[in-house]
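What follows is one structure encoded as structure tokens, with my remarks underneath.
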Amino acid sequence: MCIVYVTAIMINTKCGNLIQEVENYISQNPSLVVIDPIANVRKLIDRCNCYSIIHSTNLSTYNVFTPNFCTLRTGDKESLKQQLKMAKVTYPFICKPMLGHGSKKAHEMSIIFNEKYLTGIKTPCVAQSFINHDAVLFKIYIAGDKHYYVERPSLKNFKASERETIYFDTSDVSKSDSKSRLCVLDPEDILTEKPKPDEEIIAIIAATLTKAFGMDLLGADVVIEKSTRKYAIIDVNAYPGYEGFPNFFDCLLECITKKISSDFT
1 MCIVYVTAIM INTKCGNLIQ EVENYISQNP SLVVIDPIAN VRKLIDRCNC YSIIHSTNLS
61 TYNVFTPNFC TLRTGDKESL KQQLKMAKVT YPFICKPMLG HGSKKAHEMS IIFNEKYLTG
121 IKTPCVAQSF INHDAVLFKI YIAGDKHYYV ERPSLKNFKA SERETIYFDT SDVSKSDSKS
181 RLCVLDPEDI LTEKPKPDEE IIAIIAATLT KAFGMDLLGA DVVIEKSTRK YAIIDVNAYP
241 GYEGFPNFFD CLLECITKKI SSDFT
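Structure follows, in structure tokens:
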């Protein structure tokens, strides 16, 4: 459904009509139990809107944050500089597609290290400050009131420099068996022990996102900032792959059963 919805956003009349038919059917059948209504999925499609919702929660009280971000809509260098400055987006920063779901392009990103290469940015996009996190990413999978996290490779540490823009695909960088050179820490950054998340904080993140987005089936990408040890949520997505989630289908069935029970009580 995410793919259909994103296609509809990109002005595909057939997909738009399909989405409308589904919404009409749901509205005409109020007794129908719906898990993750389309209206709530919409909140996740636009990355900027998604980050704004996370920012509006109380997660900051638990040292959980979303890195500074803004929407870049023009390719004019001076305008881009001003937009970044106002949003306090710092170098290096990541450029992400506006839409976070629905196609391979949602995973195609770039890292900008300095002003020189601002003119190479493909707008519109979302710019987000890059957070050094020792090349370790935690994927939180949420199914109702159950959650589980897995560790994945991620981008190594970077700093502002004169280097050229790096282009990459997150599905290559963060897959479990990634061999990307971008995941290899520089010698001075190599750790004797990888960072481990606090289980309680992970649980708080899962519960807060479930409530904020009004959804039961969610995934969140979380990193631990190297310098502060704070938790940064860098992406949230609907219907993740749940790779590595133990007894997932049992948890999914429990989620559905509880949803049906709550709607009829």
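Numbering (the UniProt record's numbering), first residue to last: 1 to 265. Here a beta-carbon is modelled for each residue, glycine too, at the ideal position from N, C-alpha and C.
For G219, the pairing in a beta bridge is given by DSSP as Y141 and N237. The beta-carbon separation of E225 and V150, rounded to 20 Å, does not stay under the 8 Å limit for a contact. A straight line joining the alpha-carbon of F213 with that of E188 spans about 40 Å. Residue pairing by DSSP places E254 opposite no residue, since no beta bridge is assigned to it. Among the bridge pairs identified by DSSP, E108 is matched with D169. Around V126, the same chain offers R47, C48, Y51, F69, C70, T71, L72, C95, K96, P97 and M98 as residues with beta carbons nearer than 8 Å, after the five sequence neighbours per side are excluded. In this structure, the beta-carbon distance from I111 to F130 falls below 8 Å. For E199, the enclosing alpha helix (DSSP H) begins and ends at E199 to F213. CA-to-CA, the gap between A106 and Y239 works out to about 15 Å.
When the beta-carbon positions are compared, F138 and P197 come within less than 8 Å of each other.
In this structure, the beta-carbon distance from K156 to A135 falls below 8 Å. If you draw a straight line from the Cα of S31 to the Cα of I260, it comes to about 10 Å. Sequence-distant Cβ neighbours of D169 in its own chain, meaning closer than 7 Å and more than five residues away, are H107 and E108. Pairing E23 with I38 gives a Cβ-Cβ distance under 8 Å. Distances from the alpha-carbon of Y231 to those of G219, D216, I256 and P195 put P195 closest. A check of alpha carbon separations from V41 across L209, H133 and V222 identifies L209 as the nearest. Take A87, set aside five residues on each side of it, and the residues of its chain with a beta-carbon closer than 8 Å to its own are N68, F69, C70 and A127, in chain order. In the DSSP annotation of this structure, the continuous segment of the beta strand (DSSP E) that includes V126 starts and ends at C125 to S129. Distance from the CA of C255 to the CA of L218, rounded to the nearest whole angstrom, comes to 12 Å. Selection I54, F113 and P246 evaluated against D221 yields I54 as nearest (Cα-Cα).
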